[in-house]
Amino acid sequence: MPTLLLHFLLFLITTTVTNLIPAVHSNCIEAQQQSLLHFKQSLEFDSSESSKLITWNSSTECCAWLGVTCSTIGSVVGLDISNESISCSIDNSSSLFQLQHLQSLNLADNNFKSSSIPSAIGKLTELRYLNLMLSGQGSDWCEAISSSLPNLRVLSLSGCRLSGPICDSLAKLQSLQEIDLSLNQLNGSIPSSVVSLPKLERLTLSHNRFSGQVPEFSNTSSPLFDTLYLENNNLEGQIPTSIFNLHGLLFLNLSSNNFSGFPFNGPRLPRNLSSVNLSNNSMLFDYNGSKSSFLQIRHLILASNKLRAFPDFLRNQSILYHLDLSNNQI
């Protein structure tokens, strides 16, 4: 199931980038064509499994190669060689980093053997989209990415065997809209500076080893922040009220953690959420106060908690379509 989910997310993220970088066919700049050919030559890949790299040759313009997107003046602005059965490492000397007008780079679903992301990626200062999902990058990733990529909007490093904490410097990427660091071995606390990035729309930190309490979200007025996935970590304490004050939030998954408290005081304004999953936590929901409809939820999963009675706040749910209270003590 995780593999199917990753491939579905890969499809969604790959589709997203087409909205960021429109396809243009023009005459390729010779120096950039040579950089791409040298890059291809440095890669080890199974040609029988390749659909893109096998189209790269000196007899055709690089802007016509599969996986390559050019600007109107022939600069290479997009490179997608995901799922090309690549099995090698990329270091700082790679000609990939000579493509300094790159805005989109997708290397997902390959097997890069390097233990870290090359610091030379900082040369790609125009990069807006970076997808290394399932590419095996290891440690020392955070500083390399956050040092010189001020325009980055989408960062996907799911399933890359990342470890250690998220460095505070990631918050320097003020243009980030989507962050996916799921299915790694990241630990420590979730930095408040990251959850408060001003343009953030989707944050996925699920299936890691994060611990402690979730920080408060300061940018609650944003109508764009619609997805928060923190499931399968070691987070604890009360769920911050500020999560439910996120103006645009639609999808929330905090399942399989150690949360024990729920903010019954609720959001400042009426809120409708499409899906909330709080299963596999330690919440009691011992609350018999006001039945105010402070929060309306369409799909709500409270399975495998410590509920001892039917939660009072559910009685005023007017849009509830799916409710799971299984494996409790009701």
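So the sequence shown is residues -18 to -1, 1 to 312, counted in mature numbering (1 follows the signal peptide of the UniProt record, and there is no 0).
Beta carbons: idealized from backbone N, C-alpha and C, even for Gly.
In this structure, the straight-line span from the alpha carbon of L19 to that of N214 is close to 42 Å. Only residues of its own chain outside the window of five on either side were considered, and among them P100, S101, A102 have a CB closer than 8 Å to the CB of N74, listed in chain order.
The three-state reading of DSSP puts N298 in helix, counting H, G and I together.
For I148, the closest of L134, V176, Q159, N240 by C-alpha to C-alpha distance is V176. Within the DSSP secondary-structure output, S157 pairs in no beta bridge. Within the DSSP bridge table, the entry for E218 names N240 as partners.
Going by beta carbons, G141 and L165 fall inside the 7 Å limit. Residue environment: Y111 is assigned as buried (16 or more neighbouring CB atoms within 10 Å of its CB, all protein chains considered).
Restricting attention to E198, A285, S238, the CA atom closest to the CA of N227 is found in E198.
Here Q167 carries a strand assignment [DSSP, helix/strand/coil]. Less than 7 Å divides the Cβ of L84 from the Cβ of L106. As DSSP reads the structure, V58 sits in a beta bridge with C52. Closest in alpha carbon position to S242, among D62, L260, N201, C44, is L260.
Apart from the 5 residues on each side of it in sequence, L305 sits with its Cβ closer than 6 Å to the Cβ of L282 in its chain, given in chain order. With respect to the C-alpha of P180, the residue from K154, S117, S138 having the closest C-alpha is K154. In the three-state scheme derived from DSSP, where H, G and I count as helix and E and B as strand, D162 is classed as strand. Per the C-alpha coordinates, the member of S300, L266, I301 positioned closest to P293 is L266.
Shown here for N65: same chain residues with a beta carbon closer than 6 Å to its own, the five before and five after excluded, namely D91 in chain order.
Around the Cβ of G194, a 10 Å sphere holds fewer than 16 other Cβ atoms; the residue is exposed. In the DSSP secondary-structure assignment, V136 is bridged to Y111, E160. With a threshold of 16 other beta carbon atoms within 10 Å, T54 falls short and is exposed. Check the Cα spacing between C70 and each of I36, S98, N310: the tightest is with S98.
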